[in-house]
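As they're listed, the protein sequences go chains A and B.
Residue numbers for the first sequence follow the working numbering, so the first one is 93 and each next one is one higher.
Residue numbers for the second sequence follow the working numbering, so the first one is 93 and each next one is one higher.
We put the CB at the ideal spot given by N, CA and C, even for glycine.
Keep in mind it's a predicted model, so treat the numbers as computed, not measured.
Notes follow the structure.
2 protein chains.
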Amino acid sequence: MSSLKHVNPRVKDIRASSHSELTKRAEQITQEITQGALRPFKEVIDVSSGDFHRTGMKPLTFVRQVLCVCLYPELLENKDLPLDVRQRAQRLLQICDGGSLGSYTASAGMWRVRQSISEFISRRDAGVPSYAKDVFISIGSQKALMTIVKLISSVEGQTRTGVLTAVPCPHTLPSLLDDAGVTLEPYLLMEDQGWAVDLEELHRALKVARGRCNPRAVYISNPGNPTGHVQDRKSIQEVIRFAAAERLLLLVNEVYQDSVFGEGGEFISYKKVLFEMGDEFSEGVELVSFHSLSNACMGECGLRAGYMEFINLDPGVEHFISVLLDTDISVPVTGQLALDLMVNPPTPGDPSHDSYTKEVLLTRAILSQNAQRAQKFLDDLPGMSCQPVMAGIYLFPRLHLPSGIIEQAEELKVEADVLYCQWLLEEQGVLLGAGSQNGEAAGNHHLRFCVLVPPETLEDLLSRLRSFHLRLLGAIYDSEKSVEDAAILTS
Amino acid sequence: MSSLKHVNPRVKDIRASSHSELTKRAEQITQEITQGALRPFKEVIDVSSGDFHRTGMKPLTFVRQVLCVCLYPELLENKDLPLDVRQRAQRLLQICDGGSLGSYTASAGMWRVRQSISEFISRRDAGVPSYAKDVFISIGSQKALMTIVKLISSVEGQTRTGVLTAVPCPHTLPSLLDDAGVTLEPYLLMEDQGWAVDLEELHRALKVARGRCNPRAVYISNPGNPTGHVQDRKSIQEVIRFAAAERLLLLVNEVYQDSVFGEGGEFISYKKVLFEMGDEFSEGVELVSFHSLSNACMGECGLRAGYMEFINLDPGVEHFISVLLDTDISVPVTGQLALDLMVNPPTPGDPSHDSYTKEVLLTRAILSQNAQRAQKFLDDLPGMSCQPVMAGIYLFPRLHLPSGIIEQAEELKVEADVLYCQWLLEEQGVLLGAGSQNGEAAGNHHLRFCVLVPPETLEDLLSRLRSFHLRLLGAIYDSEKSVEDAAILTS
């Protein structure tokens, strides 16, 4: 008797990500090593996701100190902790009901944190106004996106809603859109131009999409996840004009706004550009921008909080956002307070300012050096090419796989890049992401790879990757050659 | 131009809870007082939800100490903290990837925490086996429930799925079921029997439900939220036999398992009873049990974590649970570690054991005394009656409202209990929950009210409530009388 044998067909439609299968296998291997199993490596290095504490990068001391005092306010009296840490904790405790992180908050987030965020946005965008009422806190930027996508989703029987999506996209996005019952309509980023957006491709994709669904929004991440591309003002203007002309909602993931390191690159927010373009655009285009703790500076992915700012939000729609957020009850309070710290770092003169700045600069330096080092290393490998990156925390190198591997993958009914990742994990204990998880079409093979790791870990990782890659290519070459030889012999 | 003007009809179907409107108003009033507005009260007392830190109840010191060390591991060296706190923190940090709470975890939760939970369940249930693979951690018990309800939900065009739901139910449940596209099919608890479950009522409700939807599950909370009822073994057996005979999935909210204080009452888990009933039941009935940090002992609602254990889970269904949990990416790590502490409190001999036990006993004593005190107090008020409670943290008194108020509510198109709560909030700064939020049918009027508050706050609250209540009844009586008088005069 299984009362669950009839599973909701909508749930059946959600694609199971090969990422979670690979992650499970990585955990198994780690467990086996702990239990004494012999492997040619001592530990698994997992750089498939953007949570770089995993590989030993350190959290920001100030953030952790303040949060720890908030959790255990007896530490307010602990003189070993800097004064600004204790003062900040005291201020944050005052905005928690009953002075405890154990109380629920409003489901759209704590009002005072929403205010802090809107002030930060306005400072960042050279004074463009931002209002706390338009800022909604959620358990992460993906979850915030889910709220909006649910709103625009249609129900069965109607024409399905589509979202024009920059591909490659964040690897968590395809199943999110499935879950919301929305079609991912890809527009391809231009790899040979460092993954830039192409206006003609946007128009092409929209035309195709209109033939099979009702496209209502366009999604982009800037800086690009996982591409590392940074749009300039002109490119952003083009996308805004496109969205305005086609009456599409603009969904912009700006999580990596704090990590532009490429020469000449600069983060400019979509909102800032929108307001530069005058009333025609700034009063009409509906824009939602997403940000989160899982950024390149803090990397507090496990604390779980993010926000979205909605520009030109219809008051009627605001009501439904609230209703949807209400069903989640409350966002973790540790995460919300961390958001407040993210948008209000220590300022000059604060006791923690210098050490905070030092930590941030160190992280940025490691990121920038690692990205350059790894890009050149990978680009020099046979069978691989890698675009230089300007921002973010990922590299996204292309794999040029021999036909033998592609055929083997077809036989095993798995994407060839996933097969590559499976073998790499088993042989060398390195877990990379497969580009097919990022919405890439079949036949396109890439790897996804977080480069924000301690430099010695990067070297270890690159060396394992090269060993595997060269052995694989050599073996395939040998076996293809021996097939040829055999063919000659038997002919 | 509003690309969002066509909101998903499914989202439009989610009922907006009057609870969030009332909460918003309470926040406004608090803000106004902070800004100097004069009110007849100094602060708002909000006892409408189960987060009792809000009113000044204290968190468990051991829990907060361990979590604060986990967030800021430099404190591992701080000798002012008890040894077992630091040792526990060290063990928990070892199960975090990279030793940081900033790393993502598996989307079903950290494996070691799932193991801890299954061991706790097995200890609690006198050795009935429990397996970590059947335990799924989520951002709260409601979120876990949402996962299951989504699985059994049908899509448009098919017969809509129904869930037989004990009414009154938790106040967050109705909109959750709406969000999942599932019909709440009420079966009424027996108020005059202390809110007990009645088998005949279950059968009646099922018959009615079968006429209008496809009932696939039966939901109950035990101990009852918000009723405070505790089912005995016989009552649980009846519900299990009913679910087995009717092939319904059993969804049991057991969040208040740690707070049975009524004489002769005892918490017995549905799972334990199921296994006592023999293979016929224990190998067939599908049962999901929910628990969470938002319980009566810890009250760590703001940390956001809960779990469900699935008994007789079909392996095919397990896959879809994983897929759904994957779209949430990861549960907050502070919450997951708090779950581990919840199921592994300090044991005798540990430095923190005595103080921990003292804190727990104090909370229980306050809860029990407050519940008795408030129940008698309310039951003695004219126009109110209140069942004694055995467990949980709520009272759920019935309001016998004069027809004048009911007519006024009808005119204002609001439930009369909501109107009562609005007035009470404005006049006396007390925020209670309205029974209509708990799924009660129109015309039935109750109040919901968390009694786990500092005793002096309870006295303040009861006195404000009595003033308001008596004035209201008196005023209504007077106005009804004057209408009568006027009628006599004009006749």
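Interface annotation, ARG396 (chain A): in contact with chain B, CB-CB separation under 8 Å.
The three-state secondary structure of SER351 (chain A), taken from DSSP, is coil. The stretch 387–395 of chain A makes contact with the stretch 186–202 of chain B: 3 or more CB pairs, one atom from each, lie closer than 8 Å. Excluding residues up to 5 positions away in sequence, PRO315, ASN387, ALA388, CYS389, ARG456, LEU459, ALA483, GLY484, ILE485 lie with their Cβ nearer than 8 Å to the Cβ of SER351 (chain B) in the same chain. For ASP189 (chain A), the closest C-alpha among the options B:ARG558, B:ALA118, B:PHE541 is that of B:ALA118. Nearest to ALA198 (chain A) by alpha-carbon distance, out of B:LEU504, B:SER141, B:GLU166, is B:SER141.
Pairing ASN306 (chain B) with SER246 (chain B) gives a Cβ-Cβ distance under 8 Å.
Per DSSP, GLU338 (chain A) is one residue of the alpha helix (DSSP H) stretching across 325–338.
Boundaries of the beta strand (DSSP E) around VAL344 (chain A): 341–345. Among the residues facing chain A, ALA198 (chain B) is included, as its CB has a counterpart in that chain under 8 Å away.
In this structure the stretch 152–165 of chain B touches the stretch 159–169 of chain A; the number of beta carbon pairs closer than 8 Å is three or more. Considering only beta carbons, the part of the stretch 137–166 of chain A lying closer than 7 Å to chain B consists of SER141, ASP143, HIS145, ARG146, THR147, GLY148, PRO151, ARG156, GLN157, LEU159, CYS160, LEU163, TYR164, in chain order. For ILE231 (chain A), the closest Cβ of chain B is nearer than 8 Å. At a cut-off of 8 Å between beta carbons, GLN127 (chain A) makes no contact with chain B. For LEU453 (chain B), there are no neighbours in chain A by C-beta distance under 8 Å, as the nearest C-beta there is about 19 Å away.
By DSSP's assignment, ARG490 (chain A) forms a beta bridge with A:SER477, A:HIS538.
Look at ASP189 (chain A) here: in three-state DSSP terms it is helix.
When DSSP states are grouped into helix, strand and coil, ASN530 (chain B) belongs to the helix group.
Between PRO424 (chain B) and LEU385 (chain B) the beta-carbon gap is near 10 Å, outside 8 Å, which marks them as no contact.
Contact annotation: the stretch 231–242 of chain A touches the stretch 398–405 of chain A, with at least three C-beta pairs closer than 8 Å. If you compare the alpha carbons of B:THR419, B:ALA258, B:ALA108 with that of ILE421 (chain A), the shortest gap goes to B:ALA108. Spatial neighbours of ALA336 (chain A) in its own chain (CB-CB distance under 7 Å, excluding positions within 5 residues in sequence) are listed in chain order as PHE373, GLY376, VAL377. PRO424 (chain A) reaches chain B at ILE231, GLY394, LEU395, ARG396, PRO424, THR426, GLY427, counting residues in chain order whose Cβ is nearer than 8 Å. Taking the beta carbon of ASP271 (chain B) as reference, the chain A residues within 8 Å of it are LEU416, THR419, listed in sequence order. Per DSSP, reduced to three states, the secondary structure at ILE209 (chain B) is helical. Proximity of chain B to SER246 (chain A) at the Cβ level (cut-off 7 Å) is accounted for by ASN100, in chain order. Chain order gives the chain B residues near THR264 (chain A) as ASP418, THR419, ILE421, where near means a beta carbon separation below 9 Å. Under the Cβ distance rule, GLU119 (chain B) counts among the residues neighbouring chain A, one pair being separated by less than 8 Å. A:LYS363 is the residue among A:ALA534, A:THR115, A:LYS363, A:PHE353 whose C-alpha sits nearest the C-alpha of ASN404 (chain A).
One thing to note: TYR448 (chain A) has its Cβ no nearer than 8 Å to the Cβ of PRO440 (chain A). Near chain A, meaning a CB-to-CB distance below 7 Å, no residue of the stretch 466–492 of chain B qualifies. Within the stretch 507–519 of chain A, no residue places its CB atom closer than 7 Å to a CB of chain B. THR153 (chain B) carries a helical assignment under DSSP once its states are collapsed to helix, strand and coil.
By the neighbour-count criterion, in which a residue is buried when 16 or more other Cβ atoms sit within 10 angstroms of its Cβ, HIS383 (chain B) is buried.
In this structure, the straight-line span from the alpha carbon of SER214 (chain B) to that of ASP226 (chain B) is close to 13 Å. Between HIS538 (chain B) and LEU473 (chain B) the beta-carbon gap is near 14 Å, outside 8 Å, which marks them as no contact.
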